[in-house]
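Reading through the structure tokens given below for one structure.
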Amino acid sequence: MSKPVSSRINSQSGEVIDRTKPINFTWNGQPLTAYEGDTIVSALMASGVQVISRSFKYHRPRGVLSASYVDPNCSVTVSDEPNVRGAHRRLREGDDVRAQNAWPSLKLDVRAVNQLVGRFLGPGFYYKTFIKPQFLWPSYQKVLSRFAPGGSPPAPGGGHGNFDKRYTHPDVLVAGAGPAGIAAAIEAARAGVKVMLVEEEYEIGGHLRYGGPEALAALAALRAEVNSYHNIEVLTDSVVTGRYDDNWVAVVQRSGVWSHERLIKARVGTLVVAPGLIERPYVFAGNDLPGVMLSTAAMRLLELHAVRPGTRAVILTANTSGDEAVERLRSAGVEIALVIDARTGVTLRRAIGRGRLKAVECADGTKIPADLLITATGWTAPTSLLNMAGDRPIWDPVAARFFPSELIPPSVMATGGIVGDGTIDQLIKHGRAVGAEAAARATGATPTPVPPLTREAHPALFHGPTTGFLDFSEDVKSKDIMAAVKEGYDSAELAKRFTTSGMGTSQGKLENVNAMAILAEATGRDLESTGTTIWRPPYAPISLGALAGRAFDPVRISPMQPWHVEHGAVPLIAGQWIRPEHYGDPSAEAQNVRTHVGIIDVTPLGKIDLQGPDVVKLLNLVYTNNWDNLQIGSVRYGVMCAEDGVVMDDGVTARLGTNHYLMTTTSSGAATVWETLEMWLQTSHPDWSVNVTPVTTAMASINIAGPNSRELLGRLTDIDLSPEAFGYMKVRTGSIAGVPDCVVWRIGFTGELSYEIHVPASFGLHVWETLLSVGADLGVSPFGVEAQRILRLEKGHLIVGQDTDGLTKAYEAGLGPLVKLGKDDFSGLPELRWQESLAGAHSQLVAIETTDPQLVPPEASQLVVGMAEIVGRITSSRMSPTLKRSIALARVSGELSVPGSRLTIVLPNGSRAEAVVRENLSFIDPEGVRLHG
Amino acid sequence: MANHHPITWSDPVARSPISMPGTYVVVDGWEQCDLTSNAAMTLADESHRTKVVLRATPNHSVREWLPPLRSSRYSGEILQVGSGPAEWYLIGAEPPELMVEGLPIEGGEGFASWVDVTHGRALMRVTGVDTDSMLSKLCAVNLAEGTTPNSAAFRTSIAGVTTDVIRDDQDGLRSYLLHCERSSGQYLFEALLDAGTEFGCELGRRVATSSPVADSN
């Protein structure tokens, strides 16, 4: 293989490469060198590489077309990152760049055989070929997926690091930093507002960057002005991908050191759309050969990267861009074989070559040997953001491009090439006027029209006398549009979908206008009435990672969590809370509570401070039972129901003072209960004087349970714990382990003598560790949530949400004694009155024992009668370490809730087991001797 | 029954919900990290500050003594914050009883009450010129000067955590106090630090500040 010849030329005044910083990289495994500032493609072309990729469908060799982000032929894989825009992405040291969509190699791609059968692969090929028989589609799909273009996704677990998100509120956001966009940003900043200037390229400047000495001088002046304003934030290598209601603008910021990609959500005062123009390709036979490129591509390569794109050139020009390209190429040492001035009506017939351009055939049949063909035949206005703002661009046949209509809302303005033509000074002047007006509008001024730019005449050139590629991304040819029209797809939207033109990586930016022009010709209409498809967000690709952004997944921990971790607790994720499920042996932990004493961290229990003269009214409203006579120093259990009578939460509330109460809720219900209390106070009873303060995490909560709990706590507190002084369902305040202002209540979820202590949270760990250290001789040990579940099930205490569900009303949960229908009002009263009238003809919560004591029926197992009549389900089940047998709670239909009823349980494996309904929910100590001890 | 027992225990030490690398010392009963920094951006744990939440019905006279909603002001060395409708936070160094001393909470029309939430709130301070940029990675609120100037206060989601934010500049340097319920404190602190990495954020108290509720002790 011959060594490629370097195409790097002498230093150019606007070049962005740093020749003092060489970069080593590989191309399909071959080591190459480039300079810092080179794009992947400029580096490859500098090394003599002309073929960058293989095309989508026909696997034709492809080279540079636009040398910009939207270049359809330059997608490559860099290391394990597929579909990298090689004409945009700058090289980094050590990059492993590989061609994609080619097998076994870029040079010899066997799928190029598709070209031989291309006549059968026209538009609609897939729809027509694979629709029948339908049962074969899965097989078709497997084969077709092998032909899917693009690179391979990274291996699972690979990915590309962090993705980030940011919010911002600029008064003016300018999308596009060409001369007009920069000028708009400067003038807006001069007015004192906050400005964000977003540019897709790595530097601001637009076409000034490769426009010659005069343009570079103008750019230098603009840059200096930008730098002088601290209120302009410049984002390069970034793109505005969408404009949504109320000027909510999405910006994707690429290649940051802090993240792979960042999505910026900007709420903008005035959006200034200044994207410039995109050069339009010309359709003719052979227009996809490597060596055929746009005039702007050639100038980018020459001026920014000092790369000569060829040695002998033919130029088809219809505008000053093409004219300038002629001079620049000549200056760079490229031999100009022929200049075809399309303004005179002359054109070319075809590009000739196999694998790359060899010659150009003129309209008169003359063949000119050349390795470079430049076209400069027109411009496309990227009106995408204006479309998103409600605009419907209008075709101007004189200027031969679309322009904005009058539908743009006042909060959106446009400047630069998208609205007209002019010299650099004229563009800058217009940009300044728009910027000043944008700033004024952002600060509330009445909109004032800005005098428009003029429009220059341009020949309407779309295709030559031969057919060629229309959409390079999707391998759609101009004749495919003709075929679509013949099949009846004669509107812009239908033709697009049938041919897939505009649906590839360029997303219509290069091909859309040509497609519509050819469609117009095929249907006998003009382009103005044909219109165009509507551009929708995103304007540019955005990764799923950026859309997801930074993963915010808050967790909540108690003050004792570091201790739990240190002592090997198995974590339980309960909502946002991380709790200790157990410390290795939950059964032993439960037994220790029954025989000695255990402590459990119950900090997540919801705690709400209630103060005010009307607290009792509130309690009576939200709880089903009566709260009129709760004495100071007492605690009462209560059940909350929603207005449909369904059990919502439960807990105990203590009266600490005349107008001061402390309510507890379930851990999962804390927020809901708080919101419910506020809802009642703010909507129905704003006249009640009640102050509600959530204090869940202000207090670390520890339950001390077991026969030795009184002795243990007594060693640390100044509170009199004697049964006479501190009975069951009472509350006291005092110090514990030297910590003042602790709240202690005597309740018993586990069925044992127990104290629930609430200490100022910052001292939680101190109290926890002190309890363990002073109680060693009492057998104290920690127990986790699983042991607590076992203990409460042995006692027959229900858990709301576990033993109830979204339909369980209070009577069904066995909570009838707590429902005081005689109260004037409470949440759920009418529904519960109705349920009570059913006299038990509803399901009930019961305790059951399996006939086989070693069988623990899984929770949610169904209870049936006969073969399939479902009569209930298991709500909780465990093996009881105290009773050495299985225990369970179940919801069963009313007639089967009678003690002694026999139930059939359907187990997950389909087998059945028998169980009997018990007399009482409590499996242990139904008289409460332990609890009240 | 007297519960006095010969068993003794160590003096209680209050611990912040936020742990960070560094040496800890006990100051006024609180374990505090001794890290200091004068980096371009600093993040410090201020959870040891006294925090009192005060609520008052619409007709209560104490409201006249407190700042309007979404703003804050200093009363002596106590930062008063209008945090929510009919809700104020008082942040300072004194015990809670002294924080509310002098406020006409008792008597008059309506009802007012306060709760000491010192132990229930994680409080942190982030200081530096780029703090608005850093917070904008975690929060959707407009932090521009015109919208949230110095002394502005608001409640919002920061990194998914309901957080009270108070703009409390330090010696002319942009600074924010942030507090959330205690259990999320460590998470929020780490989220702030992570977002601040881009701006050179360092952990620790700034050493030269003049504000009463400052990073320094």
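For the record, the sequence lines run as chains A and B.
The number in my numbering is simply the position in the first sequence, starting from 1, with 946 added.
The number in my numbering is simply the position in the second sequence, starting from 1, with 254 added.
The C-beta atom is built at its ideal place from N, Cα and C for all residues, glycine as well.
Cβ-Cβ distances below 7 Å link residue 413 (chain B) to 392, 442, 445 in the same chain, with the five nearest sequence neighbours on each side left out; the list follows chain order. Between residue 396 (chain B) and chain A, the shortest Cβ-Cβ separation is below 9 Å. Within the DSSP bridge table, the entry for residue 1335 (chain A) names no partner. A straight-line Cα-Cα distance of about 38 Å links residue 1093 (chain A) and residue 1341 (chain A). Proximity of residue 437 (chain B) to chain A, defined by a Cβ-Cβ separation below 9 Å, is satisfied. Residues are counted here when their Cβ sits less than 8 Å from a Cβ of chain B; for the segment 1494-1506 of chain A these are 1496, 1498, 1499, 1500, 1501, 1502, 1503, 1504, 1505, given in chain order. Residue 1670 (chain A) and residue 1546 (chain A) have their C-alpha atoms some 26 Å from each other. Along the segment 1636-1650 of chain A, going in chain order, the ones with a CB nearer than 9 Å to a CB of chain B are 1636, 1637, 1638, 1639, 1640, 1641, 1642, 1643, 1644, 1645, 1646.
DSSP places residue 1192 (chain A) within a helical segment (H, G or I) once states are collapsed to three.
Taking C-beta atoms as the reference points, residue 1215 (chain A) and residue 1388 (chain A) count as a pair closer than 9 Å. Apart from sequence neighbours up to five positions away, the residues of its chain that approach residue 1068 (chain A) with a beta-carbon distance below 7 Å are 1426, 1429, ordered along the chain. Listed by position along chain A, the residues whose Cβ is nearer than 7 Å to that of residue 383 (chain B) form an empty set, because the closest Cβ is around 11 Å away. For residue 403 (chain B), the nearest beta carbon of chain A is not closer than 9 Å to its own beta carbon. If you draw a straight line from the Cα of residue 1697 (chain A) to the Cα of residue 337 (chain B), it is about 42 Å long. Spatial neighbours of residue 316 (chain B) in its own chain (CB-CB distance under 7 Å, excluding positions within 5 residues in sequence) are listed in chain order as 310, 357, 358, 359, 366. Residue-level contact check: residue 332 (chain B) does not touch chain A, since none of the beta carbons of chain A fall below 9 Å from its beta carbon. When secondary structure is reduced to three states using DSSP, residue 290 (chain B) falls in the strand class. Residue 324 (chain B) has a beta carbon lying at 9 Å or more from every beta carbon in chain A. In summary, residue 1396 (chain A) is buried, with 16 or more beta-carbon neighbours lying within 10 Å of its beta-carbon over all protein chains present. Here the alpha carbons of residue 1463 (chain A) and residue 1172 (chain A) stand approximately 40 Å from one another. At a cut-off of 9 Å between beta-carbon atoms, residue 1115 (chain A) makes contact with chain B. Of all residues in the segment 1506-1537 of chain A, none is placed with a Cβ closer than 7 Å to any Cβ belonging to chain B. If you compare the alpha carbons of A:1599, A:1832, A:1231, A:1458 with that of residue 1568 (chain A), the shortest gap goes to A:1599.
For residue 286 (chain B), no CB of chain A lies under 9 Å from its own CB, so it is not counted at the interface with that chain.
It is roughly 13 Å from the alpha-carbon of residue 1272 (chain A) to the alpha-carbon of residue 1249 (chain A).
Separation of the CB atoms of residue 1651 (chain A) and residue 1539 (chain A) is rounded to 5 Å, and the pair is thereby assigned contact status at 8 Å. For residue 363 (chain B) against residue 302 (chain B), the beta-carbon gap comes to about 36 Å, at or over 8 Å, which does not count as contact. The C-alpha of residue 1061 (chain A) is placed about 24 Å away from the C-alpha of residue 1313 (chain A). Here the C-alpha atom of residue 1404 (chain A) lies approximately 31 Å from the C-alpha atom of residue 1132 (chain A). Taking a Cβ-Cβ cut-off of 7 Å, the neighbours of residue 1112 (chain A) in chain B comprise 390, 391, given in sequence order.
In this structure, the CA atom of residue 1517 (chain A) is about 6 Å from the CA atom of residue 1527 (chain A).
CA-to-CA, the gap between residue 1821 (chain A) and residue 1791 (chain A) works out to about 9 Å. Interface with chain A (9 Å Cβ-Cβ cutoff): residue 443 (chain B) is excluded. When C-alpha distances from residue 1245 (chain A) are compared across A:1266, A:1233, A:1234, A:1228, the shortest belongs to A:1266. Every alpha helix (DSSP H) of 4 residues or more that sits fully in the segment 982-1038 of chain A is shown, in chain order, as 986-992.
Within the model, the alpha-carbon separation for residue 1300 (chain A) versus residue 1085 (chain A) is close to 35 Å.
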